[in-house]
């Protein structure tokens with residue numbers, strides 16, 4: 008399961024990078040990152056509600072979670088993974104278009120790596136703690152070094168500090184979100200349930216935040232006609248569900264590192280194919296992205312060897 012799991016983590020990262028570019032562009036064209044976030048999360052919620060209506064296991068899982076919350080068999084915060092998702096999508100709408108997809112991704116990655124180490128070491132619910140081996144530490148350190156290399160020639164001194172801190176904090180929350188969603192999936196028996204719960208919580212919080220913001224500045228008067236800019240929610244539904252499946256199986260740290268590599272690879276491709284205005288591609292982005300893949304292999308190698316030796320020991 009480990010190799011397919013790591014490939015799945017790369018796919019999660021690819022989805023995050025694509026969503027970041029789409030939501031960043033939507034926020035820039037609307038001139039309102041809050042409304043862009045509501046559109047992204049809200050469209051994902053609508054899609055998932057349709058899927059839930061068609062999924063018998065999903066509906067059964069939703070009833071299980073509802074009953075468990077009502078009887079306090081599980082803590083309320085376990086279903087709050089969507090709050091982290093809301094923060095991440097909001098940071099996309101507010102910061103990705105201004106920072107550029109590469110620097111935005113780097114800020115997320117830095118927080119994601121640090122948090123992944125902590126969450127994996129502590130465990131969550133039925134997911135046991137995982138040992139922080141030397142290879143995992145080296146892989147994480149190399150991942151962070153790659154991040155620093157990527158950002159070294161792209162950081163813009165005039166960018167407000169909060170604009171960089173926002174995706175960094177969102178990155179800190181991602182591993183916890185993935186672990187929480189993974190627990191909901193295991194308890195409910197359905198990734199559809201976990202994804203719907205995530206979108207219900209996230210959309211609710213984003214609507215409240217957008218309502219407060221709109222009370223002061225009003226709503227956008229025009230909306231972009233490019234349909235691609237409204238695909239962020241559908242992409243998010245895919246990688247949130249996949250992350251909920253993978254987190255209990257390969258661990259949050261390895262999921263985070265694989266996600267990071269996928270993010271930077273696709274961010275690099277996006278900056279080559281459809282570069283953001285004012286953010287030229289630097290050689291450090293290419294080199295740093297390659298290093299993340301090396302870091303991922305280093306972090307995963309001990310687990311691969313362990314599984315191989317365990318399989319060989321079986322009669």
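Residue numbers (the working numbering): 8 to 322. Backbone N, C-alpha and C define an ideal beta-carbon position, used for all residues, glycine too. Fair warning: this is a prediction, and the values are worked out from it, not measured in the lab.
Measure the Cβ-Cβ separation of residue i and residue j and say whether it is below 8 Å.
i: residue 76; j: residue 86; result: yes
i: residue 65; j: residue 199; result: yes
i: residue 213; j: residue 44; result: yes
i: residue 128; j: residue 139; result: yes
i: residue 263; j: residue 141; result: no
i: residue 217; j: residue 42; result: yes
i: residue 271; j: residue 143; result: no
i: residue 34; j: residue 124; result: no
i: residue 27; j: residue 118; result: no
i: residue 174; j: residue 115; result: yes
i: residue 16; j: residue 189; result: no
i: residue 244; j: residue 54; result: yes
i: residue 170; j: residue 106; result: yes
i: residue 201; j: residue 146; result: no
i: residue 227; j: residue 38; result: yes
i: residue 205; j: residue 99; result: no
i: residue 122; j: residue 172; result: no
i: residue 151; j: residue 112; result: no
Along the chain, where does the alpha helix (DSSP H) containing residue i start, and where does it finish?
i: residue 10; result: 9-37
i: residue 193; result: 168-195
i: residue 138; result: Looking at the DSSP string, residue 138 is not in any alpha helix (DSSP H), and its letter there is neither H nor E.
i: residue 289; result: From DSSP, residue 289 is part of no alpha helix (DSSP H); its letter is neither H nor E.
i: residue 58; result: 40-61
i: residue 256; result: 239-257
i: residue 203; result: 198-224
i: residue 130; result: No alpha helix (DSSP H) contains residue 130, which DSSP labels as neither H nor E.
i: residue 229; result: Counting along the chain, residue 229 falls outside any alpha helix (DSSP H), and DSSP gives it neither H nor E.
i: residue 94; result: 88-98
Check whether chain C comes within 8 Å of residue i, counting only Cβ atoms and requiring the distance to be less than that.
i: residue 19; result: Any reference to chain C falls outside this structure, which holds one protein chain only.
Can residue i be considered in contact with the ligand MG, in the sense that its beta carbon sits closer than 7 Å to one or more heavy atoms?
i: residue 121; result: Of ligands this structure carries none, so the ligand MG is not represented either.
Note down, in chain order, each residue of its chain lying with its Cβ closer than 8 Å to the Cβ of residue i, except the 5 sequence neighbours on either side.
i: residue 25; result: 242, 273 and 277
i: residue 136; result: 127, 128, 129 and 130
i: residue 156; result: 291, 294, 295 and 298
i: residue 317; result: Because residue 317 sits at a pLDDT of 47, beneath the cut-off of 50, its placement in the model cannot be relied upon, and the following sentence gives the value as read from the coordinates. Taken in chain order, the list of residues that qualify is empty.
i: residue 232; result: none
i: residue 59; result: 65, 66, 69, 199, 200 and 203
Could you tell me the alpha carbon to alpha carbon distance between residue i and residue j, rounded to whole angstroms?
i: residue 21; j: residue 207; result: 23 Å
i: residue 187; j: residue 288; result: 36 Å
i: residue 12; j: residue 257; result: 6 Å
i: residue 196; j: residue 49; result: 24 Å
i: residue 14; j: residue 222; result: 44 Å
i: residue 79; j: residue 72; result: 10 Å
i: residue 311; j: residue 9; result: Because the pLDDT of residue 311 is 48, which lies under 50, any placement of that residue in the model is unreliable, and the number read from its coordinates should be weighed accordingly. Taking the straight line from one Cα to the other gives about 7 Å.
i: residue 238; j: residue 47; result: 7 Å
i: residue 269; j: residue 303; result: 10 Å
i: residue 57; j: residue 203; result: 10 Å
i: residue 209; j: residue 81; result: 19 Å
i: residue 319; j: residue 307; result: Only weak support exists for where residue 319 lies, its pLDDT of 44 falling under 50; the value from the coordinates is given anyway. If you take the alpha carbons of residue 319 and residue 307, they lie about 19 Å apart.
i: residue 224; j: residue 92; result: 24 Å
i: residue 159; j: residue 62; result: 47 Å
i: residue 83; j: residue 32; result: 34 Å
i: residue 281; j: residue 305; result: 31 Å
i: residue 275; j: residue 88; result: 28 Å
i: residue 267; j: residue 236; result: 23 Å
i: residue 279; j: residue 110; result: 14 Å
i: residue 240; j: residue 215; result: 18 Å
Given residue i, which residues of its chain have a CB within under 7 Å of its CB, disregarding the five upstream and five downstream residues?
i: residue 301; result: 149
i: residue 321; result: In this predicted model, residue 321 has a pLDDT of only 47, less than 50, meaning its place in the structure is not dependable; the value taken from the coordinates is given anyway. If we look at residue 321 and ignore the five residues flanking it on each side, it has no Cβ neighbours.
i: residue 246; result: 19, 22 and 23
Going along the chain, which residues of its own chain have a beta-carbon closer than 6 Å to the beta-carbon of residue i, five neighbours each way excluded?
i: residue 250; result: 19 and 185
i: residue 97; result: 44
i: residue 230; result: none
i: residue 36; result: 231
i: residue 153; result: 295, 298 and 299
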